[in-house]
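Student:
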Amino acid sequence: MRVILMTGKGGVGKTSVAAATGLRCSELGYRTLVLSTDPAHSLADSFDLELGHSPKQIKPNLWGAELDALMELEGNWGAVKRYITQVLQARGLDGVQAEELAILPGMDEIFGLVRMKRHYDEGEYDVLIIDSAPTGTALRLLSLPEVGGWYMRRFYKPLQNVSAVLRPLVEPLFRPIAGFSLPDKEVMDAPYEFYLQIEALETILTDPKKTSVRLVTNPERMVIKESLRAHAYLSLYNVSTDLVIANRVIPEQVNDPFFEKWKQSQKVHKQEIYDNFHPLPVKEVPLYSEELCGLAALERLKDTLYKDEDPSKVYYEENTLRVVQKDQNYSLEIYLPGIPKEQIQLNKTGDELNVRIGNHRRNLVLPQSLAALKPSGAKIEDDYLKISFN
Numbered sequence: 096m097r098v099i100l101m102t103g104k105g106g107v108g109k110t111s112v113a114a115a116t117g118l119r120c121s122e123l124g125y126r127t128l129v130l131s132t133d134p135a136h137s138l139a140d141s142f143d144l145e146l147g148h149s150p151k152q153i154k155p156n157l158w159g160a161e162l163d164a165l166m167e168l169e170g171n172w173g174a175v176k177r178y179i180t181q182v183l184q185a186r187g188l189d190g191v192q193a194e195e196l197a198i199l200p201g202m203d204e205i206f207g208l209v210r211m212k213r214h215y216d217e218g219e220y221d222v223l224i225i226d227s228a229p230t231g232t233a234l235r236l237l238s239l240p241e242v243g244g245w246y247m248r249r250f251y252k253p254l255q256n257v258s259a260v261l262r263p264l265v266e267p268l269f270r271p272i273a274g275f276s277l278p279d280k281e282v283m284d285a286p287y288e289f290y291l292q293i294e295a296l297e298t299i300l301t302d303p304k305k306t307s308v309r310l311v312t313n314p315e316r317m318v319i320k321e322s323l324r325a326h327a328y329l330s331l332y333n334v335s336t337d338l339v340i341a342n343r344v345i346p347e348q349v350n351d352p353f354f355e356k357w358k359q360s361q362k363v364h365k366q367e368i369y370d371n372f373h374p375l376p377v378k379e380v381p382l383y384s385e386e387l388c389g390l391a392a393l394e395r396l397k398d399t400l401y402k403d404e405d406p407s408k409v410y411y412e413e414n415t416l417r418v419v420q421k422d423q424n425y426s427l428e429i430y431l432p433g434i435p436k437e438q439i440q441l442n443k444t445g446d447e448l449n450v451r452i453g454n455h456r457r458n459l460v461l462p463q464s465l466a467a468l469k470p471s472g473a474k475i476e477d478d479y480l481k482i483s484f485n
């Protein structure tokens with residue numbers, strides 16, 4: 096299965112691009128699912144059709160769906176939900192409040208990952224197009240396999256083992272005092288089983304032949320800066336970006352004086368997109384005179400974007416992480432375009448290297464060739480963070 100994730104700052108038009116990409120893939124004979132994991136869904140509005148949690152056929156070879164976090168919660172983590180509800184009710188909350196609060200913050204992001212993995216395993220579709228949440232939320236989603244693994248290895252698995260031993264001894268004393276039971280084996284096992292699914296998905300997300308991110312941006316300063324940061328963070332998580340789509344470019348034939356300053360500004364920022372994202376390919380989409388809503392409008396966008404091309408192809412294959420040996424020295428190189436060295440923090444513990452940029456962190460398990468060595472220096476060169484070991 097080919098997986099394409101569309102992301103970008105909120106309001107740049109990524110949903111329309113995702114829908115148009117799905118149209119073209121289905122036209123080429125690929126069984127295609129366009130899945131929205133954005134909590135504020137707009138995919139149904141883009142197709143101008145009613146969509147729900149289960150895939151609905153839109154036309155031959157094309158299906159659409161909008162993730163329902165409540166349904167995913169019940170289907171994948173029902174035991175945990177019921178236990179959290181029981182705890183909250185014991186603390187005095189009524190049934191409705193307890194059930195609502197049982198959905199912990201960020202759960203919809205986790206369920207988006209699990210839903211992707213399920214479709215990948217089932218193999219019912221040839222192409223899966225994810226209309227993801229705006230950039231920040233999407234990046235947190237992509238970091239979950241890495242961050243989740245760190246917590247699971249260090250904290251949850253030992254806690255799970257201790258709980259299995261202590262529960263029969265403590266439960267008779269605990270329930271009369273607290274008013275609810277200790278979590279049973281089903282509840283304790285669910286998060287770890289969940290994590291195993293997410294960990295398995297990481298191999299799919301980091302395979303550039305299977306998965307690509309496509310950044311949708313506008314020729315505006317703030318939007319470009321967020322897109323550049325997103326590109327760097329995606330590289331940090333070893334997720335490949337293969338295409339940038341510059342959307343809502345004012346056409347040359349627009350001569351109204353009101354738009355003249357906008358056109359001049361866009362001309363400058365459009366060139367910045369080509370320069371700053373090089374060597375990634377860039378596609379331009381004009382600002383249309385009407386809202387892109389419904390199949391007819393999406394057909395126009397599809398023709399503008401792809402013409403006779405196959406959107407499922409890999410437009411550019413990035414090498415975001417590599418180990419280089421020169422004589423007896425090694426270097427770990429991470430592709431971090433546009434990130435100044437002073438924003439990067441490094442720390443090595445055992446066989447892991449912690450890389451932090453702002454509030455984004457990745458724990459890299461080092462290959463054996465580097466695990467026993469000590470970092471001796473780091474520099475930014477040709478958009479790569481190059482860490483020397485000796």
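Per this note's numbering, the sequence shown runs over residues 96 to 485.
All residues carry an ideal CB built from backbone N, CA and C; glycine is no exception.
This structure is a prediction, so every number in the text was calculated from the model and none was measured.
(1) Quick one: using the 10 Å Cβ neighbour count with 16 as the cut-off for buried, is Leu291 buried or exposed?
(2) Is Leu331 near Leu431, with beta carbons less than 8 Å apart?
(3) As a quick exercise: from Leu459, Gly445 and Asp351, pick the residue whose alpha carbon is nearest that of Ala467.
(4) The alpha helix (DSSP H) with Ser322 in it runs from where to where?
(5) Spatial neighbours of Asn350 within its chain, please: CB distance less than 8 Å, with the 5 preceding and 5 following residues excluded, ordered by chain position.
(6) Give the straight-line distance between the Cα atoms of Ser322 and Arg309, rounded to the nearest whole angstrom.
(7) Compare the C-alpha of Leu300 against each of Thr312, Ala115 and Gly207 and name the closest.
(8) What residues in its chain sit with their C-beta under 7 Å from that of Arg119, if we drop five residues either side in the sequence?
(9) Could you tell me which of Lys469, Pro314 and Arg210 sits nearest to Ala164, measuring between CA atoms?
(10) I'd like the list of long-range same chain contacts for Ile434, defined as Cβ closer than 7 Å, with 5 residues on each side in sequence excluded.
(11) Please report the straight-line C-alpha distance between His136 and Lys443, rounded to a whole angstrom.
(12) On a CA-only basis, which of Gly170, Arg343 and Leu338 is nearest Glu413? Give me that one, please.
(13) Helix, strand or coil for Ser149? Go by DSSP, reduced to three states.
(14) Measure the alpha-carbon distance for Gln423 versus Ser464 and round it to whole angstroms.
(15) Tell me the DSSP bridge mates of Ile482?
(16) Keeping to the same chain, check which residues put their C-beta closer than 8 Å to that of Asp478; ignore five residues upstream and five downstream.
(17) Considering just the uninterrupted stretch of the beta strand (DSSP E) at Glu379, what are its terminal residues?
(18) Look up Arg451 in the DSSP assignment and say whether it is helix, strand or coil.
(19) Could you name the residues that DSSP lists as bridge partners for Gly159?
(20) Identify, in the order they occur along the chain, each residue of the same chain with its Cβ nearer than 7 Å to the Cβ of Gly105, setting aside the five sequence neighbours on each side.
(21) What does the Cβ neighbour count give for Arg417, buried or exposed, with the cut at 16 atoms within 10 Å?
(22) State buried or exposed for Lys408, treating a residue as buried only when at least 16 other CB atoms are found within 10 Å of its CB.
(23) For the beta strand (DSSP E) containing Gln440, list its first residue and its last residue.
(24) Thinking C-beta only, is Glu169 closer than 8 Å to His148?
(25) If you follow the beta strand (DSSP E) that Ile54 is in, where does it begin and where does it stop?
(26) So for Met101, helix, strand or coil by DSSP?
Tutor: Checking against the coordinates, here is how it stands:
(1) Within the sequence shown, the letter at position 196 stands for residue 291. By the beta-carbon neighbour count (other beta carbons within 10 angstroms, threshold 16), Leu291 is exposed.
(2) Residue numbering aside, residue 331 sits at position 236 when the sequence shown is read from its first letter. Residue numbering aside, residue 431 sits at position 336 when the sequence shown is read from its first letter. It is a contact, given that the beta carbons lie within the stated cut-off.
(3) Along the sequence shown, read from residue 1 onward, the residue named residue 467 stands at position 372. The shortest C-alpha separation from Ala467 is found at Gly445.
(4) Reading the sequence shown from its first residue, position 227 is the one you call residue 322. Arg316 to Leu331 is the extent of the alpha helix (DSSP H) around Ser322.
(5) Counting from 1 along the sequence shown, the entry for residue 350 is found at position 255. Nothing listed; no residue qualifies.
(6) For the purposes of this step, residue 322 is taken as the residue at position 227 of the sequence shown. For the purposes of this step, residue 309 is taken as the residue at position 214 of the sequence shown. Answer to the nearest angstrom: the Cα atoms are 10 Å apart.
(7) Sequence index remark: in the sequence shown, residue 300 carries index 205 (1-based). If we check each option's Cα against that of Leu300, Gly207 comes out closest.
(8) As a position in the sequence shown, residue 119 is number 24, starting the count at 1. Around Arg119: Lys397, Tyr401 and Pro406.
(9) Taking the first residue of the sequence shown as 1, we reach residue 164 at position 69. Closest option to Ala164, judged by alpha-carbon separation, among Lys469, Pro314 and Arg210: Arg210.
(10) Taking the first residue of the sequence shown as 1, we reach residue 434 at position 339. So the list reads Ala327 and Ile452, once near-sequence residues are dropped.
(11) Looking up residue 136 in the sequence shown gives position 41. Looking up residue 443 in the sequence shown gives position 348. For His136 and Lys443, the distance between alpha carbons rounds to 41 Å.
(12) Along the sequence shown, one-based indexing puts residue 413 at 318. Out of Gly170, Arg343 and Leu338, Leu338 has the C-alpha closest to the C-alpha of Glu413.
(13) Against the sequence shown, residue 149 aligns to sequence position 54. Residue state, collapsed to three classes: coil.
(14) Residue mapping note: residue 423 aligns to position 328 of the sequence shown, counting from 1. Residue mapping note: residue 464 aligns to position 369 of the sequence shown, counting from 1. Within the model, the alpha-carbon separation for Gln423 versus Ser464 is close to 11 Å.
(15) Start at 1 with the first residue of the sequence shown, and residue 482 comes out as number 387. Answer is Leu427 and Ala473, bridged to Ile482.
(16) On the sequence shown, position 383 is the one that residue 478 refers to. Result list for Asp478: Tyr430, Leu431, Pro432 and Gly433, in chain order.
(17) One-based indexing of the sequence shown puts residue 379 at position 284. Residues Val377 to Pro381.
(18) Along the sequence shown, one-based indexing puts residue 451 at 356. Here Arg451 carries a strand assignment [DSSP, helix/strand/coil].
(19) Taking the first residue of the sequence shown as 1, we reach residue 159 at position 64. Val129 and Lys151, per the DSSP bridge assignment.
(20) Here the question's residue 105 lines up with position 10 in the sequence shown. Closer than 7 Å at the Cβ level, and outside the excluded window around Gly105, lie Pro229.
(21) As a first step, residue 417 must be located in the sequence shown, where it is residue number 322. Looking at its Cβ environment, which holds fewer than 16 other Cβ atoms inside 10 Å, Arg417 is exposed.
(22) On the sequence shown, position 313 is the one that residue 408 refers to. Using a 10 angstroms sphere on the CB of Lys408, the tally of other CB atoms stays under 16, which defines it as exposed.
(23) Taking the first residue of the sequence shown as position 1, residue 440 is located at position 345. DSSP places Gln440 inside the beta strand (DSSP E), whose first and last residues are Ile439 to Thr444.
(24) Position 53 of the sequence shown, counted from the start, is the residue given in the question as residue 148. Position 74 of the sequence shown, counted from the start, is the residue given in the question as residue 169. The Cβ-Cβ distance between His148 and Glu169 does not fall below 8 Å.
(25) A question about residue 54 goes unanswered here, because the residues of the chain that appear run from 96 up to 485.
(26) Taking the first residue of the sequence shown as 1, we reach residue 101 at position 6. In the structure shown, Met101 sits in a strand (DSSP, three-state: E or B).
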